[in-house]
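S.K.:
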Amino acid sequence: MAKQANKKSKKPSIEVSKVSEIGGSDLNDLCDAAEAAIEEGGGFGWLKPPPRQTLENFWRGALMVPERSVFIGRLDGVIVGSAQLIRPPRNNEAQSLSATLTTNFVAPWARGHGLARALTATVEEAARRDGFLVLNLDVRATQEPAIALYENAGYVRYAEHPHYARVEGAWVAGYFYYKDLQAAE
22 MAKQANKKSK KPSIEVSKVS EIGGSDLNDL CDAAEAAIEE GGGFGWLKPP
72 PRQTLENFWR GALMVPERSV FIGRLDGVIV GSAQLIRPPR NNEAQSLSAT
122 LTTNFVAPWA RGHGLARALT ATVEEAARRD GFLVLNLDVR ATQEPAIALY
172 ENAGYVRYAE HPHYARVEGA WVAGYFYYKD LQAAE
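For what it's worth, our numbering labels the leading residue of the sequence shown as 22, then goes sequentially.
#1: Closest by CA to threonine 121, which one among Glu56, Val101, Asp159?
#2: Mind the definition here: the stretch 124-144 touches the stretch 93-108 only if three or more C-beta pairs lie below 8 Å; say whether that holds.
#3: State the DSSP-derived secondary structure class of aspartate 161, mapped to helix, strand or coil.
#4: Using the rule of at least 16 other Cβ atoms within 10 Å of the residue's Cβ for burial, across every protein chain shown, is alanine 55 buried or exposed?
#5: In three-state DSSP terms, what is glutamine 153?
#6: Strictly by DSSP, which residues pair up with alanine 186?
#7: Give the DSSP-derived three-state secondary structure of tyrosine 199 in the structure shown.
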């Protein structure tokens, strides 16, 4: 009886890391997680999951862009989420101290373990290490858990776009946020 109780109460392990390549079962797990997030309405632009080859190409392509860093989140060793840090192009001197957090998601079945918070914090730390002073992001108004996560993490909403996205024939607003990474330290 005690062994069963210990097994049930075992806290799942979470891990976040930056990746420079992805393939095999990891790519499959990342695509599965992305498909589930898209179906749930958090599809970083997609409204329904694209063909698997398109998703695989998306992730491989993201890893090839020098201004992007891809971070993955694992729950008990399985990739269940991701986030990206996008740096401005080198010729954008005026915005050289601002980066963007994007494509931040956790599959619906893996939520509630703090992984979204860990992905966000890891991207913030990477941005600080790279010398960025501000981190920007945007999110659909319908993504209430993400909005709560960002606002609780100190992001400041500075704008609303009433025609941010078109979903099922209707406009959905979008919110724009920033975080002063110096003030947050």
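By construction, the Cβ of each residue, glycine as well, lies at the ideal position given by its N, Cα and C atoms.
Predicted, not measured: the structure shown is a model, and the values here were computed from it.
M.R.: In short, the structure shows the following:
#1: Taking the first residue of the sequence shown as position 1, residue 121 is located at position 100. Minimum Cα distance to threonine 121 is reached at Asp159.
#2: Verdict: yes, contact present.
#3: One-based indexing of the sequence shown puts residue 161 at position 140. It should be pointed out that residue 161 corresponds to arginine in this sequence rather than to aspartate. Arginine 161: strand per DSSP, three-state reduction.
#4: Counting from one through the sequence shown, the residue named residue 55 turns up at place 34. Label assigned to alanine 55: buried.
#5: Mapped onto the sequence shown, residue 153 falls at position 132. The identity of residue 153 in the sequence shown is phenylalanine, whereas the question assumes glutamine. It is coil, neither helix nor strand.
#6: Translated into the one-based positions of the sequence shown, residue 186 becomes position 165. Answer is Val193.
#7: Numbered from 1 along the sequence shown, position 178 holds the residue referred to as residue 199. In the structure shown, tyrosine 199 adopts extended strand secondary structure according to DSSP, grouped into three states.
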